[in-house]
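Student: Residue numbering for the sequence shown is 86 to 538, as defined by the numbering used here.
Built from N, CA and C at the ideal position, the CB exists for glycine as well.
Quick caveat: nothing in here was measured; it's all calculated off a predicted structure.
Below you'll find the structure I mean.
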Amino acid sequence: MDRKKYFVIDLFAGCGGLSEGFRQAGFEVIAQVEMDKWACETLKTRHLYHGLKEINERRFYQGYLKGETSKDDILFRFPEVQELISVKVIQAEFGKQRFDQILKKIECALERHRASRFHVVIGGAPCQPYSLAGRGRDSDRMENDNRHFLYEHYLKVLEHCQPDFFVFENVLGLMTAVVKGQEMFLRMLDDFRNISPTYEIALSFDEYSENLRRYILDSSSYGIPQKRKRVVLIGYKTSLLTRNPDLKNVFRKILKAKAPAYGGYTVSDAIDDLPPLKPGEGSDSWFGKYQDGPSTPYQERMRKGSPGILNHHARNHMTSDLERYKFFIERHLDGNKAATLTDLMRERPELTPAHNHLDKFLDRFKVQWWCRPASTITAHICKDGHYYIHPDISQCRSFTVREAARCQSFPDNFKFEGPRTEQFRQVGNAVPPLLAGVIARSILPELRRIYDE
86 MDRKKYFVID LFAGCGGLSE GFRQAGFEVI AQVEMDKWAC ETLKTRHLYH GLKEINERRF
146 YQGYLKGETS KDDILFRFPE VQELISVKVI QAEFGKQRFD QILKKIECAL ERHRASRFHV
206 VIGGAPCQPY SLAGRGRDSD RMENDNRHFL YEHYLKVLEH CQPDFFVFEN VLGLMTAVVK
266 GQEMFLRMLD DFRNISPTYE IALSFDEYSE NLRRYILDSS SYGIPQKRKR VVLIGYKTSL
326 LTRNPDLKNV FRKILKAKAP AYGGYTVSDA IDDLPPLKPG EGSDSWFGKY QDGPSTPYQE
386 RMRKGSPGIL NHHARNHMTS DLERYKFFIE RHLDGNKAAT LTDLMRERPE LTPAHNHLDK
446 FLDRFKVQWW CRPASTITAH ICKDGHYYIH PDISQCRSFT VREAARCQSF PDNFKFEGPR
506 TEQFRQVGNA VPPLLAGVIA RSILPELRRI YDE
């Protein structure tokens, strides 16, 4: 007997990190709303993979990855897959397009899947307005950034769709963001509390207000080779407590799922099997088959279902940057201690970057050491790779898109579309799929209890 399907909509979906984790956990993602062109192309490509896999035609997807056939040719051959993709991926910008028009497309996705409702709404409004780094650079501009209030569109969708659960994710800066004298996080909590139907945030609003930092999840605690702390709110419809009183414990179960201290993966566990590259080498799309076997269980998991390596193309770097990279790698190898710009300016003053306010960016250059989880992969990686220097001095370069994606827990057959800059942006903005999977697997059994499965 087939199990009941649980339907998900992803708002502000980006390239689909949250969606990927929920899909891996057994949910069916039937609608994604995203404004960015290239992120939408990536979403469509991922749906192409799942659509072809469902009809046992995955070989065509692998042919696309290898450049043996085009996406258009595949969609022409399988019009049913094309039709599904056209319904599932909704390219739209909240705040710019009429809300009722976006809702109409969402309703079309439900109708196409013969679904009466969404069981879970997931997503998080753009995080740049709450970014601590962004506030530090230009506080006046950030104060007047209207994106602070994009979460209100998330609330409108909640009120319209009335899911059993919602998952809202954002950056740590959300907790301290102040706009026109108002603490954004407290305002947001009030707004979540006052929508209809009523929702409770697990644990509860009262417990939350007592210890806000309990709702921070660090990806490195959940088997992901990256230090990435994010605020995660999980809400459930209050009326469901009579059918499943255990709903209030859903977040506690996530906290209990943490790996033991220092039981997580490192940069080495994530990427040391990927082919070495010099600056400028590689490919933005298909790179080639794996040259060696996986050296860790994590690599084996990332490789599953992939014919080889994608999006593995090293940036070209200025000679001066390569000298700086070499300095920082050598300093660590000599003393097992990370150097800063202060050390560079003292020991190699000729390599001092021509940059204003250097004192604010002393860790502007950062080596991602083999034996530790990676630093937080952010969208800034699309501008330069200085914060993501590869630890192998013989390569002397910054991370590729695939290396960053590995640290974010994207599987190797997940193809990022668009120019390399846009690929980096997508990876940096994403929720790690494996973390999303932990959240999804905490919600799924509660839904099954509600629906007496």
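Determine, using beta carbons only, whether residue 116 and residue 94 come nearer to each other than 8 Å.
Tutor: Yes, the pair counts as a contact, with Cβ atoms nearer than the cut-off.
Student: Distance, Cα to Cα, residue 108 vs residue 205?
Tutor: Going from the Cα of residue 108 to the Cα of residue 205 covers about 12 Å.
Student: Less than 6 Å between C-beta atoms, sequence neighbours within five positions excluded: which residues of the same chain meet that for residue 471?
Tutor: So the list reads 449 and 450, once near-sequence residues are dropped.
Student: Which residues share a DSSP beta bridge with residue 318?
Tutor: DSSP output for residue 318 lists 253 as bridge partner(s).
Student: If residue 172 sits next to residue 194, beta carbons under 8 Å apart, how far is it from one beta carbon to the other, in whole angstroms?
Tutor: Residue 172 to residue 194, Cβ: 5 Å. Contact.
Student: Please report the straight-line C-alpha distance between residue 412 and residue 103, rounded to a whole angstrom.
Tutor: Approximately 37 Å between the Cα atoms of the pair.
Student: Which value, in whole angstroms, describes the spacing of the CA atoms of residue 184 and residue 466?
Tutor: Computed Cα separation, rounded: 32 Å.
Student: With distances taken from CA atoms, which of 236, 274, 244 and 179 is nearest residue 202?
Tutor: For the residues 236, 274, 244 and 179, the minimum Cα distance to residue 202 belongs to 244.
Student: Across which residues does DSSP place residue 267 in a beta bridge pair?
Tutor: For residue 267, which the question treats as bridged, DSSP gives the partners 264.
Student: Strictly under 8 Å for the Cβ-Cβ distance: is residue 418 near chain D by that measure?
Tutor: This model lacks chain D altogether; it includes just one protein chain.
Student: Do residue 179 and residue 191 come within 8 Å of each other at the CB atom, strictly closer than that value?
Tutor: No; because the gap between Cβ atoms is not below 8 Å, this pair is not in contact.
Student: Near residue 379, what residues of its chain come up, given a Cβ to Cβ distance below 7 Å and the 5 sequence neighbours on each side ignored?
Tutor: The residues are 358, 385 and 388.
Student: Is residue 439 buried or exposed, if buried means 16 or more other CB atoms sit within 10 Å of its CB?
Tutor: By the 10 Å Cβ count, residue 439 comes out exposed.
Student: Does the Cβ of residue 222 have 16 or more other Cβ atoms within 10 Å, making it buried, or fewer, making it exposed?
Tutor: Here the model assigns residue 222 a pLDDT of 49, short of 50, so the residue's position is not dependable and the matter cannot be decided.
Student: Taking the straight line between their C-alpha atoms, what separation do you get for residue 347 and residue 302?
Tutor: Unreliable positioning characterises residue 347 in this predicted model, as indicated by a pLDDT of 48, which lies under 50. The coordinate reading is nonetheless provided below. Rounded to whole angstroms, residue 347 to residue 302 spans 15 Å at the Cα level.
Student: Could you pull the start and end residues of the beta strand (DSSP E) that residue 371 belongs to?
Tutor: Unbroken beta strand (DSSP E) run through residue 371: 367-373.
Student: Can you tell me whether residue 505 is buried or exposed? The criterion is at least 16 other CB atoms within 10 Å of its CB, across all chains shown.
Tutor: With 16 or more Cβ atoms within 10 Å of its Cβ, residue 505 is classed as buried.
Student: Alpha carbon to alpha carbon, how far is residue 176 from residue 282?
Tutor: Taking the straight line from one Cα to the other gives about 27 Å.
Student: Let me check understanding here. Comparing Cα to Cα, which of 459, 331, 391 and 269 lies closest to residue 356?
Tutor: Checking every option, the nearest Cα to that of residue 356 belongs to 459.
Student: Looking only at DSSP bridge pairs, what is residue 119 linked to?
Tutor: Bridge partners of residue 119: 176.
Student: Per DSSP, what kind of secondary structure is residue 439 in: helix, strand or coil?
Tutor: Residue 439: coil per DSSP, three-state reduction.
Student: Helix, strand or coil: how does DSSP classify residue 147 here?
Tutor: Here residue 147 sits in helix by DSSP.
Student: Based on the DSSP secondary-structure assignment, which residues constitute the bridge partners of residue 247?
Tutor: DSSP lists no partner for residue 247.
Student: Can you tell me which of the three DSSP states residue 480 falls into?
Tutor: Coil, per DSSP.
Student: Am I right that residue 401 and residue 369 are in contact with their C-beta atoms under 8 Å? What's the rounded C-beta distance?
Tutor: So it is not a contact: roughly 13 Å between Cβ atoms.
Student: If you draw a straight line from the alpha carbon of residue 535 to that of residue 88, how long is it in whole angstroms?
Tutor: C-alpha separation (whole angstroms): 14 Å.
Student: For residue 487, collect the residues of the same chain with a Cβ closer than 7 Å to its Cβ; drop the 5 residues on either side in sequence, then sort them by chain order.
Tutor: Once the five neighbours on either side are set aside, the close Cβ partners of residue 487 are 359, 394, 395, 396 and 397.
Student: Which same chain residues, not among the five before or five after residue 86, have their C-beta less than 8 Å away from its C-beta?
Tutor: In this predicted model, residue 86 has a pLDDT of only 49, less than 50, meaning its place in the structure is not dependable; the value taken from the coordinates is given anyway. Cβ within range, chain order: n/a, list empty.
Student: Tell me where the alpha helix (DSSP H) around residue 207 begins and ends.
Tutor: Taken as a continuous stretch (DSSP letters only), residue 207 belongs to no alpha helix (DSSP H), being part of the beta strand (DSSP E) at 205-208.
Student: Does the contact criterion of 3 or more C-beta pairs under 8 Å hold for the stretch 309-325 versus the stretch 247-254?
Tutor: Taking 8 Å as the limit for Cβ pairs, the verdict is that the stretch 247-254 does touch the stretch 309-325.
Student: With the cut-off set at 8 Å, would you say residue 92 and residue 198 are in Cβ contact?
Tutor: Result yes, Cβ atoms of residue 92 and residue 198 sit closer than 8 Å.
Student: Does the Cβ-Cβ distance between residue 305 and residue 258 come in under 8 Å?
Tutor: Their beta carbons are not under 8 Å apart, which means residue 305 does not touch residue 258 by this criterion.
Student: Quick check on residue 279: does DSSP put it in helix, strand or coil?
Tutor: It is coil, neither helix nor strand.
Student: Determine, using beta carbons only, whether residue 132 and residue 170 come nearer to each other than 8 Å.
Tutor: Against a cut-off of 8 Å, the Cβ pair of residue 170 and residue 132 comes out as a contact.
Student: Assign residue 479 to buried or exposed, taking buried as 16 or more other Cβ atoms, counted over all protein chains shown, within 10 Å of its Cβ.
Tutor: That one is exposed.
Student: Could you give the distance in angstroms between the alpha-carbon of residue 101 and the alpha-carbon of residue 435?
Tutor: Computed Cα separation, rounded: 43 Å.
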